[in-house]
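Plus 4 on top of the position in the sequence shown (first one is 1) and you've got our numbering. Note that CB positions come from ideal geometry on N, CA and C, so glycine has one too. Fair warning: this is a prediction, and the values are worked out from it, not measured in the lab.
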Amino acid sequence: MKKLGDIGIYDAFIPQASIGDMYKFLIISANDDKLYKADPFANYAELRPGTASVITSLDYTWSDDKWMADRDKKDIKKMPVSIYEVHPGSWKKHIYRDDSDEDKFYTYRDLADSLVEYVLEMGYTHVELMGILEHPYDGSWGYQVTGYYAPTSRYGSPTDFMYFIETLHKNNIGVILDWVPAHFPKDAHGLADFDGSCCYEYSDPRKGEHPDWGTKIFDFGKNEVKNFLIANAIFWVEKFHIDGLRVDAVASILYLDYGKQEGQWVPNKYGGNKNLEAIEFFKHLNSLMTGRYKGVMMIAEESTAWPMVTGAPENDGLGFTDKWNMGWMHDFLDYMKLDPYFRKDNHNKMTFSMTYAYSENYILVLSHDEVVHLKCSMFNKMPGSTPEEKL
């Protein structure tokens with residue numbers, strides 16, 4: 005590759021390259037280490053356990069024009085919304101009786117038909133997809149992203165994913181993606197230490213390392229990093245007709261001391277714990293997204309009492325269209341766990357959220373977070389040993 009000037013940009017022209025070819029970047033670091041990196045902007049990745057990028061085409065003839073035209077006319081803060089959260093890899097699998105064959109994932113095209121039928125029957129308006137951005141581990145929810153511009157190859161090609169979205173749109177079902185600008189993993193082929201130094205992450209480990217998750221934190225002070233993420237949000241809406249992004253772990257981005265002990269974090273220039281660079285990033289991101297795409301939802305999973313999450317950026321808000329109501333969720337679940345005899349003394353758990361219900365544009369939420377790590381299903385949270393007792 006040839007270096008273009010002194011600004012750290014390189015290019016190369018390979019005339020023999022064709023669709024389906026796999027590639028990586030070989031980067032020689034300042035310490036002469038050889039780093040084999042996947043393309044951060046690749047649209048397709050080699051099926052795991054391989055980690056190469058794959059040349060592909062995003063050419064697709066869309067036929068969801070009516071949905072897209074109608075979406076742009078909607079006032080998303082006034083329309084009814086009921087969202088079904090789906091992890092495609094675990095929602096359904098092809099079951100094989102032969103012990104020599106593993107159960108196989110549904111492809112994007114398999115899901116298109118079976119998921120539409122279920123969502124329509126249940127009356128949902130949208131699906132929220134977990135684990136679409138490329139990631140290494142099948143057993144995860146997909147929140148350690150190694151390919152921000154690539155729908156995971158586990159379920160098919162990028163055009164297969166386009167077919168899936170188009171099918172849902174034709175059935176008047178919107179598609180929301182889980183989006184993870186909070187952190188990224190340390191996998192050798194990914195963004196971490198991309199050229200042997202901290203390109204995408206903060207160089208100070210007190211800012212650039214997330215102790216809870218063992219991941220790297222994006223450096224929101226770099227224009228190149230902010231542009232990488234903002235362009236990624238636009239990419240999914242423009243190229244894949246996505247109808248919204250559910251932004252994961254917003255609190256971990258906003259607070260410099262999130263999940264950290266004394267001495268593990270660096271205060272901002274005013275001595276506080278707010279990430280001022282991340283605040284400006286969200287204002288810019290949401291101003292662009294809501295300004296360009298009137299019907300697209302920008303949903304914050306923000307677990308604290310941070311003010312004005314859905315407020316207008318010009319009024320010092322973050323500019324999201326919606327926020328998960330985590331407080332209501334916890335109160336509601338605590339109430340449902342109670343024996344019916346004691347509920348009469350705890351109705352405040354069901355009414356308290358009304359004291360702040362209009363401070364943000366809230367979405368009432370029951371998510372995967374509340375049924376994992378032995379937290380049980382909704383049914384099993386309720387007291388009683390038989391269905392009759394529980395209901």
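Relative to the alpha-carbon of I246, which residue among A237, T359, D252 and V254 has its alpha-carbon at the smallest distance?
Nearest neighbour of I246 by Cα position, chosen from A237, T359, D252 and V254, turns out to be A237.
Notebook entry, point to check: Are L249 and L181 close, meaning C-beta to C-beta below 9 Å?
Noted result: A contact, by the Cβ cut-off of 9 Å.
Go ahead and pull the three-state DSSP assignment for V123.
Here V123 sits in helix by DSSP.
Using only CA atoms, which one of D216, F239 and T65 lies nearest to L292?
Measuring from the Cα of L292, the nearest candidate turns out to be F239.
**beta strand (DSSP E) segments (min. 3 residues) lying fully within the region 313-387** = Listed in chain order, they are 326-329 and 366-368.
Just reading off the alpha helix (DSSP H) that M16 is part of, what are its end residues? The sequence shown places Ala at residue 16, rather than the Met named in the question. A16 -> no alpha helix (DSSP H), and no H or E assigned at all.
Is the distance from the Cβ of M330 to the Cβ of M386 below 9 Å? Cβ distance not < 9 Å, so M330 and M386 don't count as in contact.
Quiz item: Quick check: the region 151-164 against the region 121-141, are there 3 or more CB pairs under 8 Å?
Solution: The answer is yes - the region 121-141 touches the region 151-164, with three or more Cβ pairs under 8 Å.
Review point. Does the region 45-55 come close enough to the region 87-97 to have 3 or more Cβ pairs within less than 8 Å?
Key: The region 45-55 vs the region 87-97: no contact.
Could you check whether K264 and R347 sit closer than 9 Å to each other, using their CB atoms as the reference points?
In this structure, R347 sits away from K264, with a CB-CB distance that is not shorter than 9 Å.
### Query
Which partner residues does W183 have in the DSSP bridge list?
The partner list for W183 (beta bridge, DSSP) reads V251.
Own chain, CB closer than 6 Å to E281, minus 5 neighbours either side, in chain order:
Excluding five sequence positions before and after E281, the CB atoms of its chain that fall closer than 6 Å to its own CB belong to F224 and G225, given in chain order.
Say whether the region 350-370 touches the region 300-315, bearing in mind that this needs 3 or more beta-carbon pairs closer than 8 Å, one atom from each stretch. The region 350-370 is in contact with the region 300-315.
Contacting residues, own chain, Cβ-Cβ under 7 Å from T150 (five flanking each side not counted): These residues qualify, in order along the chain: A42, E138, H139, P140, P189, D191, H193 and G194.
**Request:** Compare the Cα-Cα distances from K70 to each of H98, F165, I177 and D117 and report the closest residue.
**Result:** Each of H98, F165, I177 and D117 was checked against the Cα of K70, and the nearest Cα belongs to I177.
Within a Cβ cutoff of 6 Å, which residues of the same chain sit near K396, ignoring the five residues on either side of it in sequence? A question about residue 396 goes unanswered here, because the residues of the chain that appear run from 5 up to 395.
Taking a contact to mean a Cβ-Cβ separation below 9 Å, would you say A235 touches T308 in this structure? Cβ atoms of A235 and T308: not closer than 9 Å.
Assign L258 to buried or exposed, taking buried as 16 or more other Cβ atoms, counted over all protein chains shown, within 10 Å of its Cβ.
-> The residue is buried, with at least 16 neighbouring Cβ atoms inside 10 Å.
Touch test, the region 295-306 against the region 317-329, Cβ-Cβ under 8 Å, three pairs minimum = Cβ pair count under 8 Å is three or more, so yes.
Exercise for the section: Note down, one range per segment and in chain order, each alpha helix (DSSP H) of at least 4 residues found wholly within the region 68-109. Expected result: Whole alpha helix (DSSP H) segments, 4+ residues: 69-77 and 92-95.
*Considering P391, what are the terminal residues of the alpha helix (DSSP H) in which it resides?*
It spans P391 to K394 - the alpha helix (DSSP H) in which P391 sits, taken as one unbroken run.
- What three-state label does DSSP hand M5 in the structure shown? In the structure shown, M5 sits in coil (DSSP, three-state: anything other than H, G, I, E or B).
* For the alpha helix (DSSP H) that K174 lies in, which residues bound it at each end? -> Note, K174: alpha helix (DSSP H), P162 to K174.
Check: When DSSP builds the beta bridges, which residues end up paired with V58?
Finding: BP columns for V58 point to M26.
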